[in-house]
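Protein chains in written order, with the numbering used here: chain A, 1266 to 1556; chain B, 1340 to 1554; chain C, 13 to 311; chain D, 112 to 424. Cβ coordinates follow ideal geometry from the N, Cα and C atoms, glycine included.
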Amino acid sequence: MAQATDLDRRWIFLAMGVLVVGLFASGVSSPMPVSRYVSDYYDTIEALPEGSVVMLSADFDPASAAELFPTYQATIHHLMRRGIRVVNVATWPAAPPYTRKAFDAIAPAYGREYGTDWVELGFKPGDDVAMAQIGQSIRTTYPRDDRDGTAIDQLPLMSEVGDSFEGIELLLTMSAGYPGILEWIAQAGGRYDMTMLAATTAVQTPDLFAYYPTQLAGFCGGATGATQYLQLVANSAGTATIMDQAPLDELLAVKEKNQKRMVIQMWGHLLIIALIVLGNVLYFRGRKAVA
Amino acid sequence: MKREIPIALTVICGLLITWAFFSPSELSQAVNVELTAWASIFFAVAFLLGIGNLVRISLKQISARHPDWPYKALLMLMLFGYLSIGLLEIHGVIESEYGDKAYQDWIYERIFKPLQSTMFALLAFYIASAAFRAFRARSMEATLLLTAGALVMLGQVPLPIAPPEVGAFFARVQGFLMAYVNAAGQSAIIMGAALGTLATGLRIVLGLERSYLSE
Amino acid sequence: MSSMLALQDAATPFVSLDPNGPVDIIGAWLMCFLTLSVFSFLYKDNPFYKVAEHVFVGVGTAYFALQYYKEGILEPVRDHMYDIAEVMGEPGASFSLGGYDADPTIAFILRAVAAIFGLMLLTRLFSPNSWAPRWPLAVMVGVYSALKLTGETQSKLVLQTKGLMKPLVPENVGEVGWFPDGVALESTPLFLTIANAIVVIGVICALSHFLFTWKRGRTLGAVSRVGIIVLMITFGSMFGFTVLGRIALLIERVNELFDLSEPDYAFGTPFLSPPVILTVLIAGTLTLFALQRKEGTDS
Amino acid sequence: MIQPLLALQDAVTPWWVDLNLWLSGMGRGTDADGSVLAPGIGTPGGLDDWIDTGKLPTLIAILIYAFLMLRSQAKAKAGAEIPIRRIAGLDALDEAIGRSTEMGRPVLYVPGIDEIKEIQTIYSMMILRHVARKTAEYGTPLIVPVKDSVVMTFAEEACKQGCLDAGRPDAFIADNVRYLSNEQFAYCAGVAGIMNREKPAANIMLGMFFAESLILAETGYASGAIQVAGTAKQHQLPFFVAACDYTIIGEEYFAVTAYLTREPGLLGTIRAADIIKVIVIILFVLGVILATATGNGTETSPSLFDVYGRLFG
């Protein structure tokens, strides 16, 4: 024990820091094979008829945006390319700025308009209570939109959406924890039998395997899932008629960046495994020496 | 009466919400909408209590010239500065051409966001340190955990440094562990936790559990 | 679209409020300083970290307070009551509560009661032992626990049990056989059968581990032991995913520091890159402190 | 829908086909054309006016649980003994406190970082009372850092009460229940400071933990203390299992209070949950057997498994 703890842990901090910064500067990248959870996520969206309405819930904050925002952007690309209309909600207070930023940048490039192709209802406090409210009556929960405070009935898209998720084909959540996908499964999947898709942070991902595929049609877990989904969306993005190339270029750049990150990730994982092995070897050797 | 009324309120609201979950009638849904709105109003108000606490403690430290008092003063400055900007913006006193939350968003993007994500990024360093100093294979349980963890870590990343077969092998092992063993363990934990929630929730809704209303 | 392109071409302003625009110069230096200050904690607790920490608590608290104020107070109380008040005077008018046509007067009174309860919660600020906050807290406890109780029993117990009930043997085994050629190992009926059996046994054993009031004979002991193995592998998997997530966040922060070293934020020169300058500044100050302290102890 | 029903009855049909039709009617009320699927369902004043029939299984589950719980509680209060299995981590509590006393160093109790509205925090307070009693008996100082001011009042009460239980009210030291900070990482740094400076010989961490669990467990390990940790938050369990000496896992945490207090009401709750677990296992195995034996049928000729599946909503 003594040997292992004698080392100042700042050396380990330094090793991790040097590793990440050094690799970032070097810029090696590598594509990834796609898992079935991610291809199911992609295929479920692909199978929706054009013009369907989905609900997209932003349940994350800045701390988790690194993991979830690329998937969020790619999902918007995917939905907008397919001509699927989106009702945006959020159960995390810090999420709405992301919603607006992403939609304003991406949707117009596909010729989509606010009000008919997407609406922004904003944050609702109350965690799973808010989710229950949204399910029961979206009109009572959100009398006005979050963008300019327009009455909800004046938004063309909302005329097709009723109480109890009537008119909504699919519920997607970008989920960083509580409240998130598990609460949505309880409040919407369980209550209203909604088809659900989720993108989650790595930490939350292991919970999801138990719900797949009965209560969750597909999911993108952590940076790995994000990279795989970005690959799928970026590969099919060329099929759309697009009015502005800039967002698409950004998507491709994000994909490239994610592939690069996965290589750093690999070295980070190898470092952690090496440290566990080394720590244990020193520990057991030290114990033997004492005995 | 000090104890009885709150318990009665808990029981009544709990039973109403339970009824609304099972009943399809419009009246039950109205009760549900109203009560859940109440809960979120109280939730928002309760946050003010937290602020009150923070302000009281900080002001006490500032006036007592606690060694950290300049930091506490900075805290108060940031808190009330941002609150004032936000309130002025929400009530339309100040406006920006970039939308009705532009000032708030600026502070959010430039201050809150980097701070919060960096705080969490610190944990990558702590995991590395813990891996070396604390994660010991001292029992069968810990050995299994660490081995499974290592396999999953390897299966989650591309392995361009190894032959493709090696990467594919780890991805397969990882897929198997996640889809079957982990799924079984997760199911058991989820069902167990649901039973815990059912037990505790029922005790509260039936008025059997009163410890949260301590005198 | 054209405006977006124009923004990208334009020179970076010192302060830009455009939420979609590139980061302004002051903002870039601020972000850089705060990020590096938090990282400086890895060296040790120091004034830079303390500044970052207190700014974080202040801004974070205010941010959430504003959100709750708007979405939890202004909208459900002020706006909602205003909406009701608009129809209240009209004869035969009704107000829709979740699809139910309620009497506007009753709807108004209900929400007014909620507002009064909210105020009762606030009395805790002035007298910590007051009885008043207990009423709204009791309502919250009742509502939250009933929602959890019903929703979780449905999704995490009943439907979870249903979702676990899958055939052990894949249905196509009659056509393709147990171990067909040219199929990935994971898709062969033999493999799937074994894997499904592992799930069934795993769930039974792990649940049995949580049996507390059953006499623990040899059988239950052995079953519980297998349950422990399943749980440990589950925790191991979660551990692996946690590592994935934390390192991803670190990479993101490093990525941002690299982005912030663009010449745009450095007044067009490569020498004034914010991350480099601020790293030198913070590291230099901390070294200076350390040297001073050493001198102090030496003398 | 009436026609196929009659047609099916003419042929020799298995009994579950009728049952399935009745059950599917319950789930949907009336059919799309408004025809009544089964007597009493879909008609005005029928069953589905009163209850969302798709949720009937959940209601039945809750009612069964309520019945079992009340019965077990009544039995336990009447004196029937409900055995409870040993939980190694809890037995280790005494050992840890004993070791602290021998070494003349304090015991550190971290009650998690959530507010009092979290059930796990309330549970933690009940355990704290027991720990405070033990430390008072041994005459060992107990340090309790808290993150929330409301939790602080509860923690003070629990410690005071524990010292009273031990018959040593003088053992309560108000300054040892310490409010550190409402900010997660600042609190965490504070606790790490206590671990390094005051060198407690035992760290007991029970409650709701988030990302800080790793830092606490690692710092505690490095300081050489015996560590006992427990939480129902599964995400933090890997770190506790890897870095602590004893870990109380998931649902075990909810059994802790019953284990320590032996209060009949709590024991009855645990007993009822156990019975439900056995019922769930039986239903689950039956489902797997049916699924394997009969497979999935079609809309018009459902298999026995389809009908069984409907029983779960």
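Check                                                                                                                                                                                : Outcome
Using beta carbons (cut-off 9 Å, strictly below), is A312 (chain D) in contact with chain A?                                                                                         : no
Of all the residues that make up the segment 344-356 of chain D, which are near chain B by a beta-carbon distance shorter than 8 Å?                                                  : Q345, P349, F350, V352, A353 and A354
Contact check, L1258 (chain A) vs G1380 (chain A) under 8 Å by CB: the rounded distance?                                                                                             : For residue 1258 (chain A) there is no data in the structure shown, the boundaries of chain A being 1266 and 1556.
Report the CB separation of A1355 (chain A) from A1323 (chain A) in whole angstroms; it is logged as a contact under 8 Å.                                                            : 4 Å
Name, in chain order, the residues that DSSP records as bridge partners for Y112 (chain C).                                                                                          : C:L109
Name, in chain order, the residues that DSSP records as bridge partners for V1354 (chain A).                                                                                         : A:S1322
Decide if F1484 (chain A) is buried, meaning its Cβ has at least 16 other Cβ atoms within 10 Å, or exposed.                                                                          : buried
Counting only beta-carbon atoms, is M1517 (chain B) nearer than 9 Å to chain A?                                                                                                      : yes
Three-state secondary structure (DSSP) at I254 (chain D)?                                                                                                                            : strand
If we cut at 9 Å on Cβ distances, does Q1398 (chain A) have a partner in chain D?                                                                                                    : no
So who's on the other strand from E183 (chain C), going by DSSP bridges?                                                                                                             : Its beta-bridge partners do not exist; DSSP assigns none.
Which term fits Y298 (chain D), buried or exposed, when burial requires 16 or more other beta carbons within 10 angstroms of its beta carbon?                                        : buried
Anything in the segment 167-189 of chain D with a Cβ closer than 9 Å to a Cβ of chain B? List those residues in chain order, please.                                                 : L167, T169, L170, A172, I173, Y176, A177, M180, L181 and Q184
Check whether the Cβ of G1442 (chain A) lies closer than 9 Å to any Cβ atom in chain B.                                                                                              : no
Contact check, L1462 (chain B) vs L325 (chain D) under 8 Å by CB: the rounded distance?                                                                                              : 7 Å
Spell out a yes or no on whether the segment 166-182 of chain C and the segment 395-415 of chain D are touching, meaning 3 or more CB-CB pairs, one atom from each, closer than 8 Å. : yes
State yes or no: is the C-beta of D1309 (chain A) within less than 9 Å of the C-beta of T1460 (chain A)?                                                                             : The displayed chain sequence assigns Thr, not Asp, to residue 1309 (chain A). Against a cut-off of 9 Å, the Cβ pair of T1460 (chain A) and T1309 (chain A) comes out as a contact.
Thinking C-beta only, is A144 (chain C) closer than 9 Å to L133 (chain C)?                                                                                                           : yes
Rounded to the nearest angstrom, what separates T141 (chain D) and G1455 (chain A) at their Cα positions?                                                                            : Since pLDDT at T141 (chain D) reaches only 45, below the 50 mark, its modelled position is unreliable, and no value is offered.
Would you check if there are 3 or more beta carbon pairs closer than 8 Å linking the segment 1374-1392 of chain A to the segment 1412-1427 of chain A?                               : yes
Against chain B, does F365 (chain D) count as a neighbour if the rule is that its beta carbon must be under 9 Å from one of theirs?                                                  : yes
Pull up the CB-CB distance for Q347 (chain D) and F321 (chain D), whole angstroms please, since I reckon it's below 8 Å.                                                             : 7 Å
Suppose you measure from the CA of T1375 (chain B) to the CA of F416 (chain D); what does that come to, to the nearest Å?                                                            : 38 Å
Hey, L327 (chain D) and V255 (chain D) are a contact pair by Cβ (cut 8 Å); roughly how many whole angstroms apart?                                                                   : In fact, because the Cβ distance is near 14 Å, the residues do not count as touching under 8 Å.
Three or more C-beta pairs under 8 Å: does that hold for the segment 1482-1499 of chain B against the segment 1511-1524 of chain B?                                                  : yes
Closer than 8 Å between beta carbons: that is the criterion. Which residues of the segment 1377-1401 of chain B meet it against chain E?                                             : Among the protein chains of the structure shown, namely A, B, C and D, there is no chain E.
Between which two residues does the alpha helix (DSSP H) holding M1415 (chain B) run?                                                                                                : W1408 to I1429
Taking the alpha carbon of F76 (chain C) as the reference point, which residue from B:Q1525, B:S1364 and B:A1385 has its own alpha carbon closest?                                   : B:A1385
I'd like to check one pair, I263 (chain C) with H1534 (chain A): are the Cβ atoms closer than 9 Å?                                                                                   : no
Anything in the segment 156-171 of chain C with a Cβ closer than 8 Å to a Cβ of chain A? List those residues in chain order, please.                                                 : Y156, L159, K160, G163, E164, Q166, S167, K168 and L171
Counting only Cβ pairs nearer than 9 Å, list the residues of chain C close to G424 (chain D).                                                                                        : Q166, V170, L171 and K174
Keeping to the same chain, check which residues put their C-beta closer than 8 Å to that of I206 (chain C); ignore five residues upstream and five downstream.                       : none
DSSP three-state label for F1430 (chain A), please.                                                                                                                                  : coil
With 16 as the cutoff for other CB atoms within 10 Å, does D286 (chain D) come out buried or exposed?                                                                                : exposed
Of all Cβ atoms in chain B, is any one closer than 9 Å to the Cβ of Y1548 (chain A)?                                                                                                 : yes
Between the alpha carbons of F247 (chain C) and L201 (chain D), how many angstroms are there, rounded?                                                                               : 21 Å
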